[in-house]
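What follows is a single structure, written as structure tokens, with notes after it.
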């Protein structure tokens with residue numbers, strides 16, 4: 001029986017410092033549970049869809065046994081940030097009233113550097129396969145979006161995944177497309193176990209798991225689609241289950257891309 005996934009809810013109590021990386025202006029913030037989080041804002045330029053992609057990508061990675069910081073729903077009060085002196089940050093906070101997404105802050109973690117850290121081929125294959133499923137374009141040598149913490153590799157930032165939802169049309173056609181951007185994946189040269197991982201992960205990631213993950217998406221993040229929230233969740237569910245059923249398409253693309261590198 002598939003265990004129901006639940007995310008904790010916290011309230012942001014203190015804006016600590018911005019992380020000026022990329023266009024989304026994430027920040028380190030403290031919540032009412034006393035922990036620090038990397039906060040992803042609904043009012044950032046990439047919008048709520050980046051939060052949906054972060055949520056889906058992170059929780060699917062966790063189901064597959066990969067290391068991901070705990071995700072929490074982070075509430076931001078309307079009054080929060082009024083005293084923030086930086087005008088850009090104040091505008092961001094005002095636009096982010098309501099439910100945002102936080103990732104547990106891994107204090108002391110360092111950015112993964114492929115030139116100094118060797119990666120096990122099976123682990124590399126698992127991460128490449130995940131990113132092909134999610135169509136995650138943002139795990140390149142320029143921006144690995146992986147951290148080393150307590151001698152383990154942790155995945156962060158899946159906000160650039162599921163790019164089909166930015167057009168929200170032809171989801172079925174998009175679900176069967178190869179992931180050509182895999183050729184830029186930072187771990188592709190080490191990913192020599194893709195076929196074995198494909199069989200392993202297709203058995204592990206059941207439709208009920210996917211249903212469980214997409215059910216986590218808050219209604220208030222889905223109303224921008226112009227459909228009932230449940231109808232939008234169904235599109236995410238269908239996209240992911242169809243893509244999983246046709247994983248051979250992105251598997252072959254990844255294997256061919258790797259052959260051209262080695």
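Numbering (full-length UniProt numbering), first residue to last: 1 to 262. Note that beta-carbon positions come from the ideal geometry of N, C-alpha and C, so glycine has one too.
Inset, instruction - Please look up how many angstroms separate the CB atoms of residue 155 and residue 146, rounded, as I've assumed it's under 8 Å. - result: 6 Å
Legend entry - Helix, strand or coil at residue 141 [DSSP, three-state]: coil
Inset, instruction - Measure the alpha-carbon distance for residue 5 versus residue 17 and round it to whole angstroms. - result: 30 Å
Inset, instruction - Look at residue 7 and residue 100 and say whether their C-beta atoms are less than 8 Å apart. - result: no
Legend entry - Status (buried if at least 16 other CB within 10 Å, exposed otherwise) for residue 230: exposed
Inset, instruction - Mind checking who residue 110 pairs with in its DSSP beta bridge? - result: 148
Legend entry - For residue 124, the nearest candidate out of 44, 209, 25, 196 (CA to CA): 196
Inset, instruction - Return helix, strand or coil for residue 252, following the three-state DSSP convention. - result: helix
Inset, instruction - If I'm right that residue 263 touches residue 50 with Cβ under 8 Å, what's the distance once you round it to whole angstroms? - result: Since the first residue shown for the chain is 1 and the last is 262, residue 263 is missing from the structure and cannot be characterised.
Legend entry - Residues sharing a beta bridge with residue 170, DSSP: Bridge partners of residue 170: none, in fact.
Inset, instruction - Excluding the 5 residues preceding and the 5 following residue 250 in the sequence, name in chain order all residues of the same chain whose CB lies nearer than 6 Å to its CB. - result: 132, 178, 179
Inset, instruction - Measure the CB-CB distance between residue 240 and residue 210 and report whether it falls below 8 Å. - result: yes
Legend entry - Beta-carbon contacts of residue 175 that lie in its chain and below 6 Å, excluding the five residues immediately before and after: 239, 242, 243
Inset, instruction - Would you list, in sequence order, the uninterrupted alpha helix (DSSP H) runs of no fewer than 4 residues that lie entirely inside the stretch 193 to 217? - result: 194 to 204, 207 to 214
Legend entry - Start and end residues, beta strand (DSSP E) containing residue 261: From DSSP, residue 261 is part of no beta strand (DSSP E); its letter is neither H nor E.
Inset, instruction - Would you tell me roughly how many angstroms separate the C-alpha atoms of residue 215 and residue 60, rounded to the nearest one? - result: 12 Å
Legend entry - Given 8 Å, three or more beta-carbon pairs between the stretch 99 to 119 and the stretch 164 to 174: no
Inset, instruction - Would you kindly work out how many angstroms separate the C-alpha atoms of residue 119 and residue 19, rounded to a whole number? - result: 27 Å
Legend entry - Rounded Cβ spacing between residue 188 and residue 258 (contact assumed at less than 8 Å): 5 Å
Inset, instruction - In angstroms with no decimal places, state the Cα-to-Cα distance between residue 90 and residue 31. - result: 18 Å
Legend entry - Residue range of the unbroken beta strand (DSSP E) whose run includes residue 40: 36 to 40
Legend entry - DSSP-derived helix/strand/coil call for residue 52: helix
Inset, instruction - Would you list the one or two residues that DSSP bridges to residue 136? - result: None, per the DSSP bridge assignment.
Legend entry - Own chain, CB closer than 6 Å to residue 122, minus 5 neighbours either side, in chain order: 193
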